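**Student:** Sharing a structure, written as structure tokens. Questions coming.
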Amino acid sequence: MGPCLRWVLLLTLVQGAFYTSLGLAQPPNSPHPVGQELPLAKTKFLYVIVDTEKNIVFLKARGIPLRTFPLTKTEWIGDPLAHSTILHLQTKDPSVSPMSISPPSDSSSESPPEDPITPLTVNDMPNRYELTFQEHLTILVQPPHLPSFWKNIGHQIAGWGQRVAARIGAWGGSRQYLVLSLDPAQAQALYWAAIPPMTCLVISGNPTTQ
């Protein structure tokens with residue numbers, strides 16, 4: 310065995326040991342989450358990692374976890390992602406602004422002064438919502454006490470019945486859905502932290518598929 314071959318073999322073993330120490334499995338011919346996260350960690354922007362295998366969500370900056378969001382359950386509607394994928398958050402629904410916005414008051418008006426604007430807090434955020442990504446994936450967030458999304462679709466997204474029902478026919482198409490169950494306070498905090506066009510890395514594990 311030549312020196313070059315020995316070096317390649319040693320590098321491969323060290324790399325495999327490194328991935329194993331992180332508790333990450335690397336499927337053949339698929340991008341590894343560590344390599345995918347490196348470009349995100351080099352930016353100055355916050356990003357999110359959704360690990361469906363370990364049931365946890367990370368809010369990170371420069372590779373450092375700022376907050377973790379434990380998941381009670383993950384569930385795919387339709388086929389799960391074939392491998393870990395970087396996504397770009399497009400919209401949140403319902404859309405709630407942390408700061409109330411009102412037009413400037415007219416000092417010449419004789420109307421009584423309005424009450425001062427009170428900024429919204431994390432507790433004012435919803436705990437059931439959709440995170441829609443540009444790459445044809447939608448994450449549905451809900452409290453953990455609700456049963457299977459598929460079996461209780463009429464009750465899990467309050468007030469969204471008609472819109473969700475209209476999408477049932479489209480679930481067989483290209484858009485994929487991932488349901489995350491979090492405690493209500495954690496779900497509100499995740500909504501607060503997820504700001505479009507934030508980048509998200511979804512690590513595909515072996516969750517339940519409906």
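Under this note's numbering, the first residue of the sequence shown carries the number 310, and numbering increases by one thereafter.
C-beta: ideal position from N, C-alpha, C; glycine also.
Keep in mind it's a predicted model, so treat the numbers as computed, not measured.
What residue from T383, Q495 and R484 has the CA that sits closest to S513's CA?
**Tutor:** Nearest of T383, Q495 and R484 to S513, Cα basis: T383.
**Student:** What's the gap between the Cα of Y356 and the Cα of Q399?
**Tutor:** Between Y356 and Q399, the C-alpha separation is close to 13 Å.
**Student:** Indicate the three-state DSSP secondary structure (helix, strand or coil) for A502 in the structure shown.
**Tutor:** Here A502 sits in helix by DSSP.
**Student:** For E362 and L449, I'd like the C-alpha separation in whole angstroms.
**Tutor:** For E362 and L449, the distance between alpha carbons rounds to 17 Å.
**Student:** Pick helix, strand or coil for Q443, following the three-state DSSP scheme.
**Tutor:** Q443: coil per DSSP, three-state reduction.
**Student:** At the level of alpha carbons, what is the spacing between Q335 and T381?
**Tutor:** Unreliable positioning characterises Q335 in this predicted model, as indicated by a pLDDT of 45, which lies under 50. The coordinate reading is nonetheless provided below. Approximately 24 Å, taken between the alpha carbons.
**Student:** Buried or exposed for L559, going by 16 or more other Cβ atoms inside 10 Å?
**Tutor:** Beyond the ends of the chain as shown, which are 310 and 519, falls residue 559; an answer cannot be given.
**Student:** I think P403 touches P435, with their Cβ atoms under 8 Å apart; what is that distance to the nearest whole Å?
**Tutor:** Contact flag correct, Cβ pair sits at about 6 Å.
**Student:** Please go through the same chain and pick out, in chain order, the residues whose beta-carbon is closer than 6 Å to the beta-carbon of G468, but skip the five residues on each side of it.
**Tutor:** Residue placement at G468 is poorly supported in this model, since its pLDDT is 47, which falls under 50; the coordinates are not used for a value here.
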